[in-house]
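Number of protein chains: 4
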Amino acid sequence: MAELSAVFLNCTLKPSPAVSNTEALARKVIEWFDQSDVESEIVRIVDYNVKPGVTSDEGDGDEWPLILQKIKQADIIVIATPIWFGVRASIAQLVIERLDGTYGERNEQGQYPLYNKVAGVVITGNEDGAHSAAETTLFNLTHLGCAVPPNPDTYWVGDAGPGPSYLEAGQDHEYTKRTTRWMALNLVHLAKALKANPFTEPIPPPGAELEPEDAAAAIQEDLLGG
Amino acid sequence: MAELSAVFLNCTLKPSPAVSNTEALARKVIEWFDQSDVESEIVRIVDYNVKPGVTSDEGDGDEWPLILQKIKQADIIVIATPIWFGVRASIAQLVIERLDGTYGERNEQGQYPLYNKVAGVVITGNEDGAHSAAETTLFNLTHLGCAVPPNPDTYWVGDAGPGPSYLEAGQDHEYTKRTTRWMALNLVHLAKALKANPFTEPIPPPGAELEPEDAAAAIQEDLLGG
Amino acid sequence: MAELSAVFLNCTLKPSPAVSNTEALARKVIEWFDQSDVESEIVRIVDYNVKPGVTSDEGDGDEWPLILQKIKQADIIVIATPIWFGVRASIAQLVIERLDGTYGERNEQGQYPLYNKVAGVVITGNEDGAHSAAETTLFNLTHLGCAVPPNPDTYWVGDAGPGPSYLEAGQDHEYTKRTTRWMALNLVHLAKALKANPFTEPIPPPGAELEPEDAAAAIQEDLLGG
Amino acid sequence: MAELSAVFLNCTLKPSPAVSNTEALARKVIEWFDQSDVESEIVRIVDYNVKPGVTSDEGDGDEWPLILQKIKQADIIVIATPIWFGVRASIAQLVIERLDGTYGERNEQGQYPLYNKVAGVVITGNEDGAHSAAETTLFNLTHLGCAVPPNPDTYWVGDAGPGPSYLEAGQDHEYTKRTTRWMALNLVHLAKALKANPFTEPIPPPGAELEPEDAAAAIQEDLLGG
Chain Z
475 MAELSAVFLN CTLKPSPAVS NTEALARKVI EWFDQSDVES EIVRIVDYNV
525 KPGVTSDEGD GDEWPLILQK IKQADIIVIA TPIWFGVRAS IAQLVIERLD
575 GTYGERNEQG QYPLYNKVAG VVITGNEDGA HSAAETTLFN LTHLGCAVPP
625 NPDTYWVGDA GPGPSYLEAG QDHEYTKRTT RWMALNLVHL AKALKANPFT
675 EPIPPPGAEL EPEDAAAAIQ EDLLGG
Chain H
475 MAELSAVFLN CTLKPSPAVS NTEALARKVI EWFDQSDVES EIVRIVDYNV
525 KPGVTSDEGD GDEWPLILQK IKQADIIVIA TPIWFGVRAS IAQLVIERLD
575 GTYGERNEQG QYPLYNKVAG VVITGNEDGA HSAAETTLFN LTHLGCAVPP
625 NPDTYWVGDA GPGPSYLEAG QDHEYTKRTT RWMALNLVHL AKALKANPFT
675 EPIPPPGAEL EPEDAAAAIQ EDLLGG
Chain W
475 MAELSAVFLN CTLKPSPAVS NTEALARKVI EWFDQSDVES EIVRIVDYNV
525 KPGVTSDEGD GDEWPLILQK IKQADIIVIA TPIWFGVRAS IAQLVIERLD
575 GTYGERNEQG QYPLYNKVAG VVITGNEDGA HSAAETTLFN LTHLGCAVPP
625 NPDTYWVGDA GPGPSYLEAG QDHEYTKRTT RWMALNLVHL AKALKANPFT
675 EPIPPPGAEL EPEDAAAAIQ EDLLGG
Chain Y
475 MAELSAVFLN CTLKPSPAVS NTEALARKVI EWFDQSDVES EIVRIVDYNV
525 KPGVTSDEGD GDEWPLILQK IKQADIIVIA TPIWFGVRAS IAQLVIERLD
575 GTYGERNEQG QYPLYNKVAG VVITGNEDGA HSAAETTLFN LTHLGCAVPP
625 NPDTYWVGDA GPGPSYLEAG QDHEYTKRTT RWMALNLVHL AKALKANPFT
675 EPIPPPGAEL EPEDAAAAIQ EDLLGG
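Protein chains in written order, with our numbering: chain Z, 475 to 700; chain H, 475 to 700; chain W, 475 to 700; chain Y, 475 to 700.
Written out as structure tokens, the structure is:
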């Protein structure tokens with residue numbers, strides 16, 4: 475069994491078996507993970523029936539619970555998204571919205587269930603928008619409980635305007651190859667550092683100027699009342 | 475001597491001695507740092523002669539080198555910024571632009587000088603824009619070398635449209651108090667975790683599909699050539 | 475028959491008959507439109523089967539063509555969206571992605587089909603993110619062909635952190651009431667100004683340093699080849 | 475005398491006489507303006523002593539008032555900015571912050587002084603960030619009073635990661651040439667349409683559910699009280 479596990483949430487708009495540029499770049503990250511004793515799984519979100527909403531189970535055939543389980547079991551979470559109109563794809567936003575449901579849960583330490591996981595992003599687009607897609611996604615994941623290493627992203631974009639996609643461009647871009655390796659190694663490093671020294675403090679209750687001894691009780695109230 | 479040190483870069487537009495709402499919230503974070511054996515310093519950027527540019531010394535009286543030295547010596551870097559027009563203040567952008575100069579340096583491990591530091595943000599505004607200011611700033615700092623814990627931000631904003639500022643509103647907002655504590659404790663935790671397990675890999679050279687043994691040589695070339 | 479027509483694309487995540495805060499604010503804009511001889515229709519996107527994709531008909535029961543027809547017939551297009559995680563909802567992003575399909579069409583003047591329409595936005599959220607949602611959406615709509623008046627938005631957000639929604643807060647916010655009126659009147663004014671003086675130039679062909687007389691031919695090639 | 479006038483606010487970080495890529499692209503827009511009887515002026519902001527702040531005169535040698543006068547006299551306002559770290563330059567943010575001072579003024583129609591002007595953007599960067607820079611800047615300008623035509627922007631960016639600048643890349647990019655022309659013609663068209671049909675309504679007072687006859691009085695109060 476591998477030392478660490480990673481889940482890649484591929485947010486392409488195209489259902490299987492269509493070729494996904496975003497998956498192609500994700501697979502490059504996985505090549506580095508393979509060398510680092512990290513077991514990886516890719517989940518193409520559009521292949522599942524994931525309903526709009528902000529809970530962990532929207533019922534009526536909603537398959538989000540299957541995906542959420544994979545997320546909870548992983549040490550490393552990578553959101554892989556194409557760029558459309560300068561920002562992340564609707565499917566990536568859908569994934570983040572569905573993760574809102576985890577705010578209502580607490581683990582044994584009184585933390586959100588994504589605490590002590592690390593997050594990264596993989597982004598592809600014909601052009602412009604990688605910074606926007608990366609920054610929004612990574613920040614959202616820190617609110618959900620993830621930590622983020624330096625250089626937590628790899629992306630490929632072409633120059634201004636319409637143009638070839640990542641695969642058409644040949645997957646041979648120096649900067650993208652460099653950041654792919656960089657991201658992979660840094661995610662692994664931080665995941666190990668958190669295994670050795672996990673966050674142990676419960677998340678603070680609203681207001682949060684309580685003495686430590688009052689915190690656990692307040693958190694219980696928070697969960698019951700919220 | 476304290477176990478850890480933090481530098482707060484206050485990016486208010488107002489020179490001293492004008493009252494800074496952003497500093498007022500930063501001081502709340504410092505109260506938590508004081509309890510955690512973290513020594514803090516606030517630098518109000520507009521009180522210095524910081525020239526526009528993307529190098530570490532723009533010459534001709536430029537005082538950025540003084541500030542950069544403080545940043546390099548800190549374990550925790552917090553950018554504290556007001557919101558103007560929905561995004562971070564011009565002074566925060568200026569700080570990030572000047573940090574571009576650190577890309578040309580390497581530490582003993584062949585990393586950017588901000589590696590193994592942790593980053594957080596403090597944001598205040600009459601209204602709307604905290605997510606934008608936070609996400610852009612934190613992402614930029616990860617590219618510069620910082621790691622980011624979960625819940626790495628605290629902010630206060632009023633509701634839609636013009637309105638009172640943080641101090642006028644009374645500094646007593648439950649969510650802001652909660653996130654202030656949360657951010658402070660998580661920054662400290664991650665800083666300690668990285669002291670125990672620092673990133674040790676040199677940053678990869680362009681291309682970066684080299685065998686590990688070739689990396690050091692390539693990095694040397696990168697530095698000489700770049 | 476009314477002088478102008480407006481379509482509101484409500485991008486709430488909640489299907490009918492659930493109450494939509496975003497619709498509630500959209501209806502306030504409609505009150506002003508009613509006084510200005512503008513006929514309004516609200517389309518709640520999640521009530522339709524709108525498939526992910528970037529064409530105008532993704533087949534297999536896709537109901538986007540019905541919505542696109544309404545958009546093409548309107549003089550004023552308003553995207554109404556909740557904020558989730560600091561940005562526009564996934565459904566708003568889905569709508570923009572589907573409008574990508576219109577880039578492949580030209581009207582009689584050789585323009586995109588959304589030319590000579592005007593665009594505005596309505597945004598609601600518990601907190602923070604209105605500027606981001608507005609700016610991304612309006613910019614996307616200008617690329618698709620719409621013009622934007624001054625003060626093209628109305629939004630309601632509460633202060634920092636979780637809190638009541640627009641309807642719970644009582645719909646009586648001074649700034650929001652002001653901008654609702656402002657937006658409505660300015661959209662109407664610009665729509666009338668463009669009726670009187672429509673953009674008539676065909677969109678330029680790639681490269682676009684041709685003499686005017688060559689442009690029409692190049693555009694034809696563009697359409698045939700693209 | 476030309477029919478229309480345009481002011482380009484060049485927000486490069488480099489003082490004259492350094493070569494500005496952003497200015498180089500702005501000059502391409504001016505070539506089209508020259509053919510359309512539009513008189514153009516470029517103001518390189520860093521060549522002036524523009525102090526941080528949010529008023530129209532920060533005193534003590536502040537040269538913003540000179541620039542603001544040029545802005546008020548122009549029919550077309552173009553903010554030209556480089557990209558740094560995925561967003562607009564600090565100088566562009568500074569310009570927007572200083573325009574905050576115009577919110578305190580009203581023209582003869584009771585509108586902000588930038589009403590009935592049209593806005594566009596010119597953006598250059600080695601890579602990624604044009605959408606972000608454009609959307610934030612254009613939205614800010616609509617709040618200040620400007621209207622925005624379709625395709626109101628031209629940009630040049632290279633592909634992912636560091637690379638050549640606009641001038642080094644040869645200024646010969648098909649998409650950028652196309653959007654340069656497109657933007658120029660659309661700005662001119664909208665400026666003329668607003669000359670023929672200017673916005674005439676005063677901006678609404680706070681609250682803004684007054685009868686029209688009460689509005690003028692309320693606006694007077696707004697100005698005196700605000």
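Just so you know, even glycine gets a beta-carbon here, dropped at the ideal spot from N, CA and C. Bear in mind the structure is a predicted one, so any value in this text is a computation, not a measurement.
At a Cβ-Cβ threshold of 9 Å, Val596 of chain H and Thr674 of chain H do not count as neighbours.
The beta-carbon of Trp656 of chain Z is placed no less than 9 Å from the nearest beta-carbon of chain W. Around the beta carbon of Val561 of chain W, 16 or more other beta carbons lie within 10 angstroms, which makes this residue buried. Rounded to whole angstroms, the Cβ separation of Tyr629 of chain W and Thr610 of chain W is 13 Å, and the two are not in contact under 8 Å. Rounded to whole angstroms, Ala607 of chain W and Ser606 of chain Y show a C-alpha spacing of 12 Å. Straight through space, the alpha carbons of Met657 of chain H and Pro678 of chain Z are spaced by roughly 10 Å. Bridge pairing for Glu513 of chain Y: Y:Ser479 [DSSP]. Ile597 of chain Z is bridged by DSSP to Z:Thr555, Z:Tyr629.
With its beta carbon less than 9 Å from one in chain H, Asp633 of chain W belongs to the interface. In the DSSP assignment, Ala563 of chain W forms no beta bridge with any residue. Identification of chain Y residues near Trp630 of chain Z by a Cβ-Cβ cut-off of 7 Å yields Ala634, ordered along the chain. For Lys651 of chain H, the enclosing alpha helix (DSSP H) begins and ends at 648 to 670. With respect to the C-alpha of Gly632 of chain Y, the residue from Z:Asp602, Z:Val512, Z:Leu612 having the closest C-alpha is Z:Asp602. One finds Gly560, Glu601, Asp602, Gly603, Ala634 in chain W with Cβ atoms closer than 9 Å to the Cβ of Ala604 of chain H, taken in chain order. A direct Cα-Cα distance of roughly 46 Å separates Gly637 of chain H from His647 of chain Y. Residue state for Asn484 of chain W is assigned as strand, using DSSP reduced to three classes. Going by C-alpha positions, Gly575 of chain Z is about 11 Å away from Trp538 of chain Z.
When DSSP states are grouped into helix, strand and coil, Arg580 of chain Y belongs to the coil group.
Identification of chain Z residues near Gln585 of chain W by a Cβ-Cβ cut-off of 7 Å yields none; the smallest Cβ-Cβ distance measures about 17 Å. Counting only residues of its own chain and dropping the five nearest sequence neighbours on each side, Lys525 of chain H has a CB closer than 6 Å to the CB of Glu532, Asp536. Taking Ser514 of chain Z as the centre and dropping the five residues before and after it, the same chain places the C-beta of Ala480, Ile504, Phe507 closer than 6 Å to its C-beta, in chain order. In the displayed model, Ile677 of chain Z falls within coil according to three-state DSSP, outside both helix and strand.
A Cβ-Cβ separation of about 24 Å leaves Val528 of chain Y out of contact with Pro489 of chain Y under the 8 Å criterion.
Counted as a single uninterrupted DSSP element, the alpha helix (DSSP H) harbouring Leu499 of chain Z occupies residues 495 to 508.
The beta carbon of Arg652 of chain Z sits closer than 9 Å to some beta carbon of chain Y. Assignment of Val524 of chain Z by DSSP, reduced to helix, strand and coil, places it in the coil class.
Between the stretch 576 to 586 of chain H and the stretch 568 to 587 of chain Y, the count of Cβ pairs shorter than 8 Å is below three; the stretches do not touch. Below the 7 Å Cβ cutoff, chain H contributes Glu609, Thr610, Phe613 as neighbours of Glu609 of chain Z, in chain order. If you draw a straight line from the Cα of Val512 of chain Y to the Cα of Gly635 of chain Y, it comes to about 37 Å.
Under DSSP, no beta-bridge partner is assigned to Val569 of chain W. Cβ neighbours of Ile551 of chain Y within its own chain (closer than 8 Å, five residues either side excluded): Ala480, Val481, Leu483, Ile545, Leu588, Lys591, Val592, Ala593, Gly594, Leu615, Cys620.
In the three-state DSSP reduction, Ala634 of chain Y falls in the coil class, being neither helix nor strand. Comparing alpha-carbon positions, the option among Z:Pro623, Z:Gly644, Z:Tyr640, Z:Pro491 lying closest to Val662 of chain Z turns out to be Z:Pro623. In the three-state reduction of the DSSP assignment, Ala621 of chain W falls in the strand class.
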